[in-house]
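Each protein sequence line maps, in turn, to chains A and Y.
Under this note's numbering, the first residue of the first sequence is numbered 75, with each subsequent residue one higher.
Under this note's numbering, the first residue of the second sequence is numbered 817, with each subsequent residue one higher.
So the structure is just underneath, and the comments pick up after that.
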Amino acid sequence: MIYAGIVMAKGLSISNLIGAFPSGIAQGIIWGIMALGVYITFRLLGVSDLTVDGSFTTGGAVVAMMLLNGHNVWLAIFVSVLAGMAAGITTGLLNTKMGIPAILSGILTQFALYSINLAIMGMVANKAIPVDKYHLAITSRNIPMAIVTGFIFAAVIIAVLYWYFGTEHGSAMRATGCNSTMAKAQGININVMKVLGLALANGLVALSGGLMAQYQGFADINMGKGAIVIGLAAVIIGEVIGDALLGKYLNFAGRLSFVVIGGILYYIIVIIVLWLKVNSNMLKLFTSIIVAVFLAVPYLQEHQKTSFARAGKNAAKASKEA
Amino acid sequence: MCAMLEVNHIFKTFNPGTINEKKALIDVSLSMEEGDFVTVIGGNGAGKSTMLNAVAGTWPVDSGSIVIDGIDVTGLPDFRRANLIGRVFQDPMTGTAATMQLEENLALAARRGRPRGLSWGVTAQEREVYKERLKKLHLGLEDRMTAKVGLLSGGQRQAVTLLMASMQKPKLLLLDEHTAALDPKTAKKVLDLTQEIVEQDHLTALMVTHNMRDAIAVGNRLIMMYEGTIMFDIKGEEKKKLTVEDLLRKFEEASGEEFADDAALLSK
């Protein structure tokens, strides 16, 4: 479902490939907004938060149901963000108040959200919100406009995050993720910070889910499946490209921008892969490999400099020479 | 004058009821006046760091009370005592946030124990103050205020942590073997800096150390711990005349065994 809306290439013609780009960019921006949430937990708080697979769908489900019930689209988006934050708070409390490891807390919430999301959608797995009948903020019917709207959303969110993480409160949150002992010594309540961080992140993820439901014209119970992996792919691709292009001149706002760009690049890669007639069922395998490779590279680079295998080889060489 | 720190009959047992049960603190009491600089010495497992952590609030004590500047903090976790306490840790990596800028670290410390709102994390005004403060360390750090702290050396980071701990004058400065992980030359620099800051800001400080010579040379009072209790407490004139040999003899008299701590002996 994630890849719905991508124009499947009929033949290996460049025009088909180019023709699929705008849709890929629009969806890439929407996923990029989700990736900003993943960036907050994964990079700033140092937690792999698996809630996102559930809270992304929650965002879509809330927006779809509120639209179907005749509410304004902006109110629907606002409520979906609150619902996502509630999911994040749940994960945070399971972790900080119940002593459940962060990764397992996220899995538990995500699992529970499957039932909750179904309940939100009236126990139906798929809810259509046709653009002809409802006023939507973003839709695949008008892709250029969708790109502009997505871009504005992303820009505003990046601006707000840049501001927040520069404040006293946001600095305290970054300190919590970087060094919790130091944070406590400065009087920071790290549990509150973790819960707030997870709430903020999942609010963004739900916002992205709500936008995606509008874009594709329906909410689906499985629309968030694998969201964490796509989010990580966007974060990592963005970081690699950002570092390569700007290196140490990259400031925080720049990093956030590259996370969104990472989402777009990821989607363009997906389009190219589909254009090459790769079976779309293979995409998840392909995405996992990309993320695994990018996560492994820094480790392997370090390992190459200093490893037992290398030390052993050096010792063997030295003893041969002696 | 009322005492700055009062530790009243505290007990702490780790892993009670298991094979690893360890009575880490047994009826420890200590009173420190304002301006006291107390050094704490003892062998491995004597309870020095445990006492420091009890005061810092790393975990709750089993019984007894801890009062700092008239405020009973026994029931408060570490982050809620932070407005009263400045801390420097043994591991130079512990006291600072590596991925954050030097000035951001200082700004976090400047707001220690205060509510944190949505105004800017570092203001232009305080940057000037930090610059002046860093200049006094003579480490050239005043020109690296926007560098990530992770790029600094262990000694530099420990000096920065000291500055952070003392920036907003704490009621109590806790130093937990803060020079132990540094090379001897850097350790001496950091210790000199510690004395300078304590003296300048008239701080009340508690310093745990492995090094007998440091324990004797620094501060106005020395405490030796042994198996979870305070073995003896030497202050004033008596401390000034103290030698390492005296300390070892006293230890043997009181405990009936030889002082078995290589680090302490080797650092004579």
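Yeah, the Cβ is synthetic: ideal placement off N, Cα and C, and Gly gets one too.
If you're wondering where the values come from, they're calculated on a predicted model, not measured in any experiment.
Exercise. Taking Cβ-Cβ distances below 8 Å as the criterion, which residues of the region 242–261 of chain A are in contact with chain Y?
Worked result: Glu242, His243, Gly244, Ser245, Ala246, Arg248, Ala249, Cys252, Asn253, Thr255, Met256, Ala257, Lys258, Ala259, Gln260, Gly261
Exercise. Using the C-alpha atoms, what's the distance from Thr1059(Y) back to Ala1003(Y)?
Worked result: 21 Å
Problem set entry | Unbroken stretches of the alpha helix (DSSP H), 4 residues or longer, contained in the region 141–201 of chain A | 147–170, 176–194
Problem set entry | Ile330(A) versus Ala94(A), Ala249(A), Val112(A), residue with shortest Cα-Cα distance | Correcting the residue type first, residue 330(A) is Leu in the shown sequence and not Ile. The shortest Cα separation from Leu330(A) among Ala94(A), Ala249(A), Val112(A) belongs to Val112(A).
Exercise. What's the call for Thr380(A), buried or exposed, on a 16-neighbour Cβ count within 10 Å?
Worked result: exposed
Exercise. So what does DSSP say about Gly902(Y), is it helix, strand or coil?
Worked result: strand
Exercise. Counting contacts by CB-CB distance shorter than 8 Å, is Gly240(A) in contact with chain Y?
Worked result: yes
Problem set entry | Residue from Thr115(A), Leu187(A), Met140(A) whose Cα sits closest to the Cα of Val309(A) | Thr115(A)
For this session: Under 8 Å Cβ to Cβ from Phe1048(Y), same chain only, skipping five residues before and after it: list those, please.
Result: Ile1039, Met1040, Lys1066, Ala1070
Exercise. Using the beta-carbon of each residue, which ones in chain A are nearer than 7 Å to Asn824(Y)?
Worked result: What Asn824(Y) touches in chain A: nothing, since even the nearest Cβ is about 24 Å away.
Problem set entry | chain A contact residues for Asp1049(Y), given Cβ-Cβ distances below 9 Å | Within 9 Å Cβ-Cβ: nothing; Asp1049(Y) doesn't reach chain A, min ~27 Å.
For this session: From the DSSP output, in three-state form, read off Asn355(A) for me.
Result: helix
For this session: With a 10 Å radius around its C-beta and 16 neighbouring C-beta atoms as the bar for buried, classify Met197(A) as buried or exposed.
Result: exposed
Exercise. Hey, does Asn169(A) have any beta-carbon neighbour from chain Y nearer than 8 Å?
Worked result: no
Exercise. Which residues in chain Y sit within 7 Å of Asn263(A), going by Cβ to Cβ distance?
Worked result: Phe895
Exercise. Taking any Cβ of chain A, which residues in the region 929–945 of chain Y have a Cβ under 9 Å from it, in chain order?
Worked result: Gly929, Arg930, Pro931, Arg932, Gly933, Leu934, Ser935, Trp936, Gly937, Val938
Exercise. Whose CA, out of Ala1033(Y), Tyr946(Y), Thr910(Y), lies closest to the CA of Glu1085(Y)?
Worked result: A question about residue 1085(Y) goes unanswered here, because the residues of chain Y that appear run from 817 up to 1084.
Problem set entry | Contact set for Asn191(A): own chain, Cβ-Cβ below 8 Å, skip 5 residues either direction | Gly128, Thr131, Thr132, Ala135, Ile295
Exercise. Does DSSP classify Lys379(A) as helix, strand or coil?
Worked result: helix
For this session: Please state if the CB of Thr1010(Y) and the CB of Leu978(Y) are separated by a distance shorter than 8 Å.
Result: yes
Exercise. Would the beta-carbon of Ile220(A) fall within 8 Å of that of Ala293(A)?
Worked result: According to the sequence displayed, residue 220(A) carries Ala and not Ile. Taking 8 Å as the Cβ cut-off, Ala220(A) and Ala293(A) do not qualify as a contacting pair.
For this session: With a cut-off of 8 Å on the beta carbons, I'd call Arg897(Y) and Val904(Y) a contact; round off their distance for me.
Result: Contact doesn't hold; Cβ gap of about 15 Å is too wide.
Exercise. From Gly312(A) to Leu110(A), what distance separates their C-alpha atoms?
Worked result: 11 Å
For this session: Compute the distance between the beta-carbons of Gln906(Y) and Ala996(Y), then report whether it is under 8 Å.
Result: yes
Exercise. What beta strand (DSSP E) runs, 3 residues minimum, are completely inside the region 930–997 of chain Y?
Worked result: 988–992
For this session: Evaluate the contact criterion for the region 240–255 of chain A versus the region 929–940 of chain Y: three or more CB pairs, one atom per stretch, below 8 Å.
Result: yes
Exercise. What is the rounded straight-line gap between the Cα of Met1028(Y) and the Cα of Asn860(Y)?
Worked result: 13 Å
Problem set entry | Contact list for Ala925(Y) against chain A, beta-carbon separation under 8 Å | Gln260
For this session: Kindly indicate the opening and closing residues of the alpha helix (DSSP H) around Thr1045(Y).
Result: Unbroken run through Thr1045(Y) is the beta strand (DSSP E), 1045–1051; no alpha helix (DSSP H).
For this session: Using beta-carbon positions only, say whether Ser97(A) and Ser179(A) come within less than 8 Å of one another.
Result: no
For this session: Return the CA-CA distance between Phe830(Y) and Glu1043(Y), expressed in angstroms with no decimal places.
Result: 13 Å
For this session: Report yes or no: is there a C-beta of chain A within less than 8 Å of the C-beta of Asn899(Y)?
Result: yes
Problem set entry | Residue environment, Asp852(Y), which counts as buried when at least 16 other CB atoms sit within 10 Å | buried
Problem set entry | Range covered by the alpha helix (DSSP H) that runs through Leu924(Y) | 918–926
For this session: Name, in chain order, the residues that DSSP records as bridge partners for Ile884(Y).
Result: Leu821(Y), Ile887(Y)
For this session: Would you please verify whether the beta carbon of Thr915(Y) is less than 8 Å from any beta carbon of chain A?
Result: yes
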